[in-house]
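Novice: Going by my numbering, the sequence shown opens with residue 93, and the numbers climb by one from there.
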Amino acid sequence: MRGGRFLLAALFFGILTLNAAQNEEKAVDEPTAVELPKEAQLDNAKDELSKIQKELSRGNSIWLKSYNSYMAYQESRKSLREVQNRISKLEERSPTVERKLEIEALQAKQKVLTDQIELLKAQGTSPFVSLLKPDEAGELPNITNPFEIVTGLSYVKRINGQYKDYVLREEELQEIIALLERQVALYKDIMRLNPKGDYEVELEATMLQVEKFKLALDTLISTADLYEKRIESTEAKINKEIKDQLYKLLNIGVIIVVLFGFSFLLKRIAKRYITDNERFYTANKIVTFINVTLIILIFLFSYIDNVGYLATVLGFASAGLAIAMRDWFMSALGWLVIIMGGAIHVGDRVRFEKDGMIYVGDVLDISLQRITLMEDVTLTTLESNRRAGRIIFVPNNYIFTSMIANYTHGALKTVWDGIDIVITFDSNHKKAAHLVKEICRKYSKGYTDITRKQLNRLRDRYSLKNSNVEPRVFTLIAPYGMKVSVWYLTNAYATLTLRSTISADIIDAFNAEDDITIAYPTQTFYTGPIASKSPPPMENQ
93 MRGGRFLLAA LFFGILTLNA AQNEEKAVDE PTAVELPKEA QLDNAKDELS
143 KIQKELSRGN SIWLKSYNSY MAYQESRKSL REVQNRISKL EERSPTVERK
193 LEIEALQAKQ KVLTDQIELL KAQGTSPFVS LLKPDEAGEL PNITNPFEIV
243 TGLSYVKRIN GQYKDYVLRE EELQEIIALL ERQVALYKDI MRLNPKGDYE
293 VELEATMLQV EKFKLALDTL ISTADLYEKR IESTEAKINK EIKDQLYKLL
343 NIGVIIVVLF GFSFLLKRIA KRYITDNERF YTANKIVTFI NVTLIILIFL
393 FSYIDNVGYL ATVLGFASAG LAIAMRDWFM SALGWLVIIM GGAIHVGDRV
443 RFEKDGMIYV GDVLDISLQR ITLMEDVTLT TLESNRRAGR IIFVPNNYIF
493 TSMIANYTHG ALKTVWDGID IVITFDSNHK KAAHLVKEIC RKYSKGYTDI
543 TRKQLNRLRD RYSLKNSNVE PRVFTLIAPY GMKVSVWYLT NAYATLTLRS
593 TISADIIDAF NAEDDITIAY PTQTFYTGPI ASKSPPPMEN Q
């Protein structure tokens, strides 16, 4: 072991000896630099010093501007003290015209210096207070919903940009210090080459400036390290919050996709097993409403921290809204009653009355606020409105205050319709009633069979006592004759068409009979005395 160590030491010593010999050979081979005369060295130093001073005097650096402002502040304070001392001494002496004029001039100068000090007061005792302090990036965002992700990313970008600017300040300060140190070295060379030159003041001022700038650089470096750590901590916090929000949004997206899939499945099942288009439409809207409500509740409970506070606020707000938007809330409640109660469905024919006007039409849609009707040509439009084809919007809250008749409620798609015709008193009213009944039975037979089946289905939901579906004829006394009133079942959507057909057949049938005469408003005039009727003969007792 000792022999190995000795061998290594000898080898190391040999390498050092060889290197020393090579360095001596290089020193012998290389020519020595020729020293310039003192005058040339002095001129070169002055030229370089002039270039450095010119570069520093450009005023592009914020560090030099701040330092010059600081020095101007100090000089102004020093000048102000001298002026104040001079004024105090002059006021202690006996007043003369010259002294008064000098005092006034000094007071004017004092005011100017005071204004300058007030403007430069921000520099204070340190020339680099504002430059050493990092820029404020604003309040740290708290990312609690997906919309604030962009805010968080913008904040991270902003603080990183501010940190880059802060690092650029450090690089600029290092360049200035290098120039000032070179300026100090040149001052010393000039004073060495020309001892008679008066550069002591400039050298002292430059050395003080270098000291100030180096102190600022040390502070800047330590502050930059802390600033970088704070940025890293802030960026990590924001990235974590963004990641949590994206994860939460992904979970909500999965839940929403599942809800949409389940809703689509329910709609497919409803379409398969519900053959009635109106009921399928209603079921489809209910599924959509429930699906949208669940999605809103999911977002509400996911992004609202204090749900109890929200419930309290909504409680107070709803009290005022219930008064200000009473009709709106009543319409929403009416929609709920319509959907849950099943009194009206899309496709039903309804009759609605408001302000003396009667509207009959088919339900096109039932939204949260209104029922949309398509006005059809009916007996009502024929006799009252003389208009048809309009789109009627009925607010849902009218179901609580107005009468709405449904011609096609439930499985019942037929209604009773009646025709009245008056015949003379001497007509054969029995034959007329028989003819009318047969004609109505002929045209309404299909509707009669349909109604009988529909009524049997409704017995499970309602108490039906009178289930007679055959045409009904009533013979009544009218002012000008005998009124034959016939009632029959017809399609709720084609009432007027069937009435027209039956009316024409009744007129044809009555005109074909000799003992049936249709009555008209008539009057009888007597030109002679009216013969009294003889009393009936008395029967033998």
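The beta-carbon is built from N, C-alpha and C at its ideal position, and this holds for glycine as well. Remember, it's a predicted structure, so these values are computed and weren't measured experimentally.
Under 8 Å by Cβ, that's how I've got THR493 and THR587 pegged, so tell me the actual separation to the nearest angstrom.
Specialist: Actually they are not in contact, since the Cβ atoms of THR493 and THR587 sit about 27 Å apart, beyond 8 Å.
Novice: Closest to PRO233 by C-alpha separation, out of GLY448, ILE598, GLU327, ALA197, would be which residue?
Specialist: Cα-wise, what sits closest to PRO233 is GLU327.
Novice: What residue range is occupied by the uninterrupted beta strand (DSSP E) comprising ALA570?
Specialist: First-last of the beta strand (DSSP E) with ALA570: 564-570.
Novice: Tell me the DSSP secondary structure of GLU228 in three-state form.
Specialist: Three-state result, GLU228: coil.
Novice: So, with DSSP's three-state summary, where would you put LYS288?
Specialist: Correct three-state label for LYS288: coil.
Novice: With distances taken Cα to Cα, identify the nearest neighbour of LYS512 among PHE566, GLU231, LYS377, ILE390.
Specialist: Correcting the residue identity first, residue 512 is Asp in this sequence and not Lys. Comparing Cα-Cα distances from ASP512 to each of PHE566, GLU231, LYS377, ILE390, the minimum goes to PHE566.
Novice: Among the residues of its own chain, which have a CB less than 8 Å from the CB of ARG544, if the five just before and after it don't count?
Specialist: Excluding residues within five positions, the ones whose Cβ falls inside 8 Å are SER559, VAL561.
Novice: Excluding five sequence neighbours on each side, which residues of the same chain lie with their C-beta closer than 6 Å to the C-beta of GLY573?
Specialist: Counting only Cβ-Cβ distances below 6 Å, and skipping sequence neighbours, we find VAL514, ILE515, THR516, PHE517, ALA611.
Novice: SER171 by DSSP, collapsed to three states: which one?
Specialist: In the structure shown, SER171 sits in a helix (DSSP, three-state: H, G or I).
Novice: With distances taken between CB atoms, is the gap from ALA596 to VAL528 smaller than 9 Å?
Specialist: No, these two residues do not count as a Cβ contact at 9 Å.
Novice: Give me whichever residues DSSP pairs with ASN508 in a beta bridge.
Specialist: The residue you asked about is not Asn; residue 508 is Trp in the sequence shown. Beta-bridge pairing links TRP508 to LEU581.
Novice: Which residue from GLY353, SER536, GLU445 puts its Cα closest to that of ASN498?
Specialist: Nearest option by C-alpha distance: GLU445.
Novice: Reducing DSSP to helix, strand and coil, say where ASP447 ends up.
Specialist: It is coil, neither helix nor strand.
Novice: Note down, in chain order, each residue of its chain lying with its Cβ closer than 6 Å to the Cβ of LEU309, except the 5 sequence neighbours on either side.
Specialist: These residues qualify, in order along the chain: LEU265.
Novice: Using a threshold of 9 Å, state whether the C-beta atoms of LEU148 and ILE268 are closer than that.
Specialist: Cβ atoms of LEU148 and ILE268: closer than 9 Å.
Novice: For the beta strand (DSSP E) containing VAL486, list its first residue and its last residue.
Specialist: It spans 483-487 - the beta strand (DSSP E) in which VAL486 sits, taken as one unbroken run.
Novice: Between which two residues does the alpha helix (DSSP H) carrying ASN136 extend?
Specialist: Its alpha helix (DSSP H) spans residues 130-148.
Novice: Select from TYR159, THR609, ARG441 the residue whose C-alpha is nearest the C-alpha of PHE220.
Specialist: The residue with the shortest Cα to Cα distance from PHE220 is TYR159.
Novice: Are the beta-carbon atoms belonging to ARG441 and VAL452 less than 9 Å from one another?
Specialist: In this structure, VAL452 lies closer than 9 Å to ARG441 by Cβ.
Novice: Going by DSSP, name the residue or residues bridged to GLY453.
Specialist: Its beta-bridge partners are VAL442, GLU467.
Novice: Out of PRO129, TYR291, LYS213, point me to the one whose CA is closest to TYR162's CA.
Specialist: Considering only alpha carbons, the answer is LYS213.
Novice: According to the neighbour-count rule (16 or more other Cβ atoms, all chains shown, within 10 Å of its Cβ), is LYS118 buried or exposed?
Specialist: Since pLDDT at LYS118 reaches only 44, below the 50 mark, its modelled position is unreliable, and the value read off the structure follows with that caveat. It counts as exposed.
Novice: Would you report the Cα separation of LYS329 and ASP257, rounded to the nearest angstrom?
Specialist: Each residue's alpha carbon lies about 22 Å from the other.
Novice: By Cβ distance, which residues of its chain are closer than 8 Å to LYS280, with the 5 residues on each side in sequence left out?
Specialist: Counting only Cβ-Cβ distances below 8 Å, and skipping sequence neighbours, we find LEU295.
Novice: Can you list, in chain order, the residues of its chain whose CB lies under 7 Å from that of GLU273, leaving out five sequence neighbours each side?
Specialist: Excluding residues within five positions, the ones whose Cβ falls inside 7 Å are VAL302.
Novice: To the nearest angstrom, how far is it from the Cα of PRO123 to the Cα of GLY253?
Specialist: The pLDDT assigned to PRO123 is 45, lower than 50, so where the model puts this residue is not dependable, and the model offers no usable value.
Novice: Mark ASN583 as exposed unless 16 or more other C-beta atoms lie within 10 angstroms of its C-beta, in which case mark it buried.
Specialist: Buried.
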